[in-house]
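Colleague: Line order of the protein sequences matches chains A and B.
Heads up: the first sequence begins at 2 in our numbering, then just goes up one per residue.
Heads up: the second sequence begins at 2 in our numbering, then just goes up one per residue.
Each residue gets a CB set at the ideal place from its N, CA and C atoms; glycine is no exception.
Keep in mind the model is a prediction, meaning the values are calculated, not measured.
One structure follows; several queries about it will come next.
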Amino acid sequence: MVAPVPEVRLATNANMAGPVVFTGQTPLTPGTPEHDLFTGLTRLGDNTLILGHRVSEWCGHSPILEEDIALANMALDLIGQTQLWLGLAGAVEGAGRTADDLAFLRDGWDFSNILLVERPNGDFGQTLMRQFLFDAWHQPMLKALEGSADARVAEIAAKAGKEVAYHVERSADLVIRLGDGTEESHTRMQRALDALWTYCGEMFIGDAIDARLAAAGIMPAPESLRPGWDALVGEVLAEATLTPPANPYAHTGGKQGKHTEHLGHLLTSMQWLQRAYPGAKW
Amino acid sequence: MAPSVAQVWDWLSDVPDPEIPVITLTDLGIIRDVAYDGPTLVVTVTPTYSGCPATAFINLEIERRLREEGVTDLRLERQLSPAWTSDWIKPEAREALKAYGIAPPIDGTAADGVLAGRIARLAGGGNLVVPCPRCGSVHTEKLSQFGSTPCKASYRCTDCLEPFDYFKCI
């Protein structure tokens, strides 16, 4: 007796909402103010999106329940901020792309997040170290953006800044507690710092787009945020009894769309549903 | 005849927050404006947190409540600025929060990034004193900066030993 062959139905686009649109690179012309602003906004939104997704990977896997909940809530803040940044980027672009289109239908080379946020989670200590190194940049960045010449940028920054103020307090606190904790936690935090250090410099290296956005008063020059970051990170690491590596090398390229292999793996997980069932709606 | 703006405010004042049903949307201070744009009723709402999953549900609840009263020409608008602050939570709602087991926000203690933490560390550590909503004791400790939702932190009372949520100041 041969078991009946189950009926196989192929997914078609017929029952999916809307036409399938290819949404890769922006149609805006490089060098124009609109392209600059679009790029500046996707850099902000891609940072929060990719870090938010990374942090969400901890959901259900954290060492203790309270930390699991805290990480999930922080990821939620970051993804909420992404909706605002990428939503505005889509509006500025004027081609009808939504925040969801930008998040789920672009390819690796269209993403402009810094390399730090796509680093794999590693252990809990490495996740928190990455978070602290990012938060120590993110919070002053948003503070500066509150004074943006573009009112739409300023209001998102004011909103996000209140949330991120809690992020940096938490990550700084935990870096200190784990760094100045047991021999095991100290060793792991130092290892995390050593592994992530060369991914920090990219936050402070501007390109021509950054320079034009800064000249227009829309976003701060990346270089201007370095002294504040050095001071805060130095202070927290000292209290955490951790030693910042002497290596001044900075991996770059993320802001220009040149990523490490880790981003592709992240995107296959994050985007698979829209790739497999284009136009599917919740 | 279209309902008055005051009537609409009144209707909205009995829509419970989906996460914390003992307080209402107007208690929370997230309804920023009710006005008419010609014949269209426009309700302006501000989100509490950018990623708050209740935001979409809140909009649905507003629409449901107003349609129930026969409003058909309706538009909901999102306003980001000024950003929502827990200072806008009404005094009576703070009492309701406490009775529900959630410590209400202590105004003026919003995180300002690094500064508060730095001062606390230099002064020998120490969290904000949040009285226990159950027994009133001030002997409480923070377990985590984030509780069951981003707007709350987890605390524990060291006298009655009960864990509780603190509605963070933002």
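(1) Buried or exposed: where does Q146/B fall if 16 or more other Cβ atoms within 10 Å of its Cβ makes it buried?
(2) Quick one: grab the DSSP three-state call for A124/B.
(3) State the start and end residues of the unbroken beta strand (DSSP E) segment that holds P34/A.
(4) Taking 7 Å as the limit between beta carbons, can you name the residues of its chain near F58/B, skipping five residues before and five after?
(5) Starting from E78/B, follow the beta strand (DSSP E) in both directions and report where the run begins and ends.
(6) Return helix, strand or coil for V22/A, following the three-state DSSP convention.
(7) For I157/A, which residues in chain B fall below 7 Å Cβ to Cβ?
(8) I'd like to check one pair, E147/A with Q137/A: are the Cβ atoms closer than 8 Å?
(9) Using alpha carbons as the reference points, say which of G109/A, M204/A and G32/A lies closest to L214/A.
(10) In terms of alpha-carbon separation, which member of V165/A, G123/A and L38/A lies closest to L143/A?
(11) Measure the alpha-carbon distance for V93/A versus A232/A and round it to whole angstroms.
(12) Compute the distance between the beta-carbons of S149/A and G255/A, then report whether it is under 8 Å.
(13) Using a Cβ cut-off of 9 Å, which residues of the stretch 70-89 of chain A contact any Cβ in chain B, in chain order?
(14) Spell out whether any CB of chain A is found under 8 Å from the CB atom of T49/B.
(15) Who are the neighbours of A251/A on chain B, taking C-beta pairs under 9 Å?
(16) Just checking: is the beta-carbon of L29/B within a distance shorter than 8 Å of some beta-carbon in chain A?
(17) Quick one: which unbroken beta strand (DSSP E) runs of 3-plus residues sit fully inside the stretch 132-218 of chain A? Chain order, please.
(18) Taking C-alpha atoms, which residue in R157/B, C53/B, I107/B and T73/B lies nearest to A161/A?
(19) Go ahead and pull the three-state DSSP assignment for I21/B.
(20) Counting only Cβ pairs nearer than 8 Å, list the residues of chain E close to T150/B.
(21) Sort L42/B, S87/B and P48/B by Cα distance to G174/B and report the nearest one.
(22) Quick one, which of T47/B, T73/B, L77/B and S51/B has its alpha-carbon nearest L61/B's?
(23) Would K160/A count as contacting chain B if we go by Cβ distances under 8 Å?
(24) Along chain B, in chain order, which residues have C-beta atoms closer than 7 Å to that of R171/A?
(25) I need the straight-line Cα distance from A104/A to G25/A, nearest angstrom please.
(26) Can you check whether the C-beta of G52/B is within less than 8 Å of a C-beta belonging to chain A?
(27) Three-state secondary structure (DSSP) at E163/B?
Modeller: Put simply:
(1) When all chains shown are included, Q146/B counts as buried.
(2) Only weak support exists for where A124/B lies, its pLDDT of 48 falling under 50; the coordinates are left without a value.
(3) Where P34/A is concerned, there is no enclosing beta strand (DSSP E), although the alpha helix (DSSP H) it sits in stretches over P34 to S57.
(4) So the qualifying residues of the chain are P19.
(5) Note, E78/B: beta strand (DSSP E), L75 to R79.
(6) Below a pLDDT of 50, predicted positions are generally treated as unreliable, and V22/A, at 47, falls in that range; the measurement from the model is reported next regardless. Coil, per DSSP.
(7) Within chain B, L81 have C-beta atoms less than 7 Å from the C-beta of I157/A, given in sequence order.
(8) Sequence check: residue 137/A is Ala here, not Gln. It is not a contact, given that the beta carbons lie outside the stated cut-off.
(9) Nearest option by C-alpha distance: G32/A.
(10) Checked all of V165/A, G123/A and L38/A; the closest Cα to L143/A is V165/A.
(11) Between V93/A and A232/A, the C-alpha separation is close to 35 Å.
(12) No.
(13) Residues I70, A71, L72, A73, N74, M75, A76, L77, D78, L79, I80, G81, Q82, T83, Q84 and L85.
(14) Closer than 8 Å: no.
(15) Correct list: empty, because the minimum Cβ distance to chain B is about 23 Å.
(16) At least 8 Å separates the CB of L29/B from every CB of chain A.
(17) With a minimum length of 3 residues, no continuous beta strand (DSSP E) run stays inside the stretch 132-218 of chain A.
(18) For A161/A, the nearest C-alpha among the options comes from C53/B.
(19) The answer is coil: DSSP assigns I21/B none of H, G, I, E or B.
(20) Protein chains A and B are contained in the structure displayed, whereas chain E is not.
(21) Any question about residue 174/B goes unanswered here, given that chain B covers just 2 to 171.
(22) In terms of CA proximity to L61/B, L77/B leads the group T47/B, T73/B, L77/B and S51/B.
(23) The beta carbon of K160/A sits closer than 8 Å to some beta carbon of chain B.
(24) Q146, listed in chain order.
(25) Taken atom to atom, the span from the alpha-carbon of A104/A to that of G25/A is near 11 Å.
(26) A Cβ of chain A is located within less than 8 Å of the beta carbon of G52/B.
(27) Three-state DSSP puts E163/B in coil, outside helix and strand.
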